[in-house]
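Working notes for the structure below.
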Amino acid sequence: MTVLGIETSCDETAAAVVRSGREVLASVVFSQVPLHQPYGGVVPEIASRSHIEKLPGVIREALAGAHFGWTEIDAVAVTYGPGLASSLLVGLSAAKGLAWSLGKPLIGINHVEAHIHSVFLTPEAPDPAEVLPLLALVVSGGHSALVHIAPDRSCRVLGQTLDDAAGEAFDKAAKLLGLGYPGGPVLEQAARRATGAGAGVVFPQGRISPGNPALGGLQADLCFSFSGLKTALMTHLKRHPMAGDTDRDELAAAYQEAIVGALAARCDRALGGGGFRALAVGGGVSLNGALRARLADVAARHRVPLLLPLPRYCGDNAAMIAALAANGGGVRGAAAFALDATPSLRLGG
Ligand code: KG4
Ligand code: ZN
Numbered sequence: 015m016t017v018l019g020i021e022t023s024c025d026e027t028a029a030a031v032v033r034s035g036r037e038v039l040a041s042v043v044f045s046q047v048p049l050h051q052p053y054g055g056v057v058p059e060i061a062s063r064s065h066i067e068k069l070p071g072v073i074r075e076a077l078a079g080a081h082f083g084w085t086e087i088d089a090v091a092v093t094y095g096p097g098l099a100s101s102l103l104v105g106l107s108a109a110k111g112l113a114w115s116l117g118k119p120l121i122g123i124n125h126v127e128a129h130i131h132s133v134f135l136t137p138e139a140p141d142p143a144e145v146l147p148l149l150a151l152v153v154s155g156g157h158s159a160l161v162h163i164a165p166d167r168s169c170r171v172l173g174q175t176l177d178d179a180a181g182e183a184f185d186k187a188a189k190l191l192g193l194g195y196p197g198g199p200v201l202e203q204a205a206r207r208a209t210g211a212g213a214g215v216v217f218p219q220g221r222i223s224p225g226n227p228a229l230g231g232l233q234a235d236l237c238f239s240f241s242g243l244k245t246a247l248m249t250h251l252k253r254h255p256m257a258g259d260t261d262r263d264e265l266a267a268a269y270q271e272a273i274v275g276a277l278a279a280r281c282d283r284a285l286g287g288g289g290f291r292a293l294a295v296g297g298g299v300s301l302n303g304a305l306r307a308r309l310a311d312v313a314a315r316h317r318v319p320l321l322l323p324l325p326r327y328c329g330d331n332a333a334m335i336a337a338l339a340a341n342g343g344g345v346r347g348a349a350a351f352a353l354d355a356t357p358s359l360r361l362g363g
């Protein structure tokens, strides 16, 4: 089965052609980062207008790269949530029109579930069936969740952020530290330059009280909270204004450590419950070297493999959308054509 995937949930316009759920024949991603850079964050109207402008060319480029004609694909898969409503609508409308006019099946995909699936887009990756049940950590600019994937491939959220996503925490701190946008990569670079001279600064890992009503039945020690961390950095900067690049690098390292420590502790706790055959990590923040190293330790301690996406499939892309569809995921049949863009689409729902 060869699937054309389309992804426009946030600020990347992407299309891909994937064969047999694993073999990426073409993956094209047009990043809007330079368009949003002057504003320090994604501006929804700019994002959707750019999707409208770029998507037709991006789809054509993916098909040409795969040497496929329009009629040779077997299905069209598209993200229908979660994400920005006006961005999702562009991809979903395009996919519906394409599938309808080509007479091909349409498959509606959950973006967060697709991020988990990105770990299988490498030749060395195991077959999904060999590593279920799987613990997956999805960490991006919009999501932070710890997910249980059962042998029947159903997803259950074990924990999630109660406020900011991990990537958002990186982005906000980078802004406060004057490092630029998007914050994750620049903050990581600054943290790498730190020498440890500022080892005295320790930021909180965001403990959550079990009585917190926002938990909605989830276990407190499997959930995340990053908004207090940003406030702690703000307060620190007010009390101790930065004296130069060295201060900035030390603060970046301490801040990154708080995020990485919190994410690793939740994975450690969940794996401690037993029964998992692997730990998978997906989303833009999974590019972070400190996080990868810490999670490798956690996985080794629990004697499970750590599955990581190739760097090009960590951020938003359409290969993961097509792959999940080819592997049986998503909403199909007439129900797919009835889908609406669903900005707060949940996993397993
Ligand atoms: O998955 P993604 O491309 O888009 C969303 O679905 O949100 O993730 C983007 C997020 C941004 O917040 C960005 O700052 C973060 O991933 N990110 C990183 C790194 N590279 C990207 N965070 C930490 N370290 C990185 N190296
Ligand atoms: Zn994403």
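Taking this note's numbering, the leading residue of the sequence shown gets 15, the next gets one more, and so forth.
Built from N, CA and C at the ideal position, the CB exists for glycine as well.
Any heavy atom of the ligand KG4 closer than 8 angstroms to the CB of LEU201? yes
Whether GLY79 touches VAL42 by CB criterion (9 angstroms): In this structure, VAL42 lies closer than 9 angstroms to GLY79 by Cβ.
Contact criterion: CB-CB distance below 9 angstroms. Does GLY105 meet it with respect to chain E? Although the question refers to chain E, the structure presented lacks it and comprises just one protein chain.
Please name the residue in GLY181, GLY117 and ILE121 whose C-alpha comes closest to that of ALA272. GLY181
Which of the three DSSP states is assigned to ARG33 in this structure? ARG33 carries a strand assignment under DSSP once its states are collapsed to helix, strand and coil.
Would you call the segment 172–191 in contact with the segment 273–280, where contact means no fewer than 3 C-beta pairs closer than 8 angstroms? yes
Considering THR93, what are the terminal residues of the beta strand (DSSP E) in which it resides? 89–95
Would you call the segment 159–172 and the segment 186–200 touching, i.e. three or more CB-CB distances under 8 angstroms? no
Whole-Å CB distance - VAL299 paired with VAL133, under 8 angstroms assumed: No, VAL299 and VAL133 are not in contact; Cβ-Cβ is about 14 angstroms, not under 8 angstroms.
Would ALA128 and ILE335 be called neighbours here (beta carbons separated by less than 9 angstroms)? yes
Rounded separation between SER62 and CYS24 - CA only: Whole-angstrom Cα-Cα distance: 8 angstroms.
Distance between LEU18 and ALA89 (C-alpha atoms, nearest Å): Taking the straight line from one Cα to the other gives about 6 angstroms.
Any chance the CB of GLY55 is under 8 angstroms from a heavy atom of the ligand ZN? Taking non-hydrogen atoms of the ligand ZN into account, the C-beta of GLY55 is found less than 8 angstroms away from none of them.
Going by the C-beta, is SER358 closer than 8 angstroms to any heavy atom of the ligand KG4? no
DSSP state of SER158, grouped into three classes? strand
Could you tell me the boundaries of the alpha helix (DSSP H) in which VAL126 lies? 125–131
Any heavy atom of the ligand ZN closer than 8 angstroms to the beta-carbon of CYS24? yes
Using CA coordinates, which residue listed in ALA28, ASP177, LEU112 and LEU149 is at the minimum distance from GLY242? Here the closest residue by C-alpha is ASP177.
Within the chosen definition, does the segment 116–128 reach the segment 335–351 through at least 3 CB pairs nearer than 8 angstroms? The way I'd put it, the segment 116–128 does touch the segment 335–351; three or more beta-carbon pairs between them come closer than 8 angstroms.
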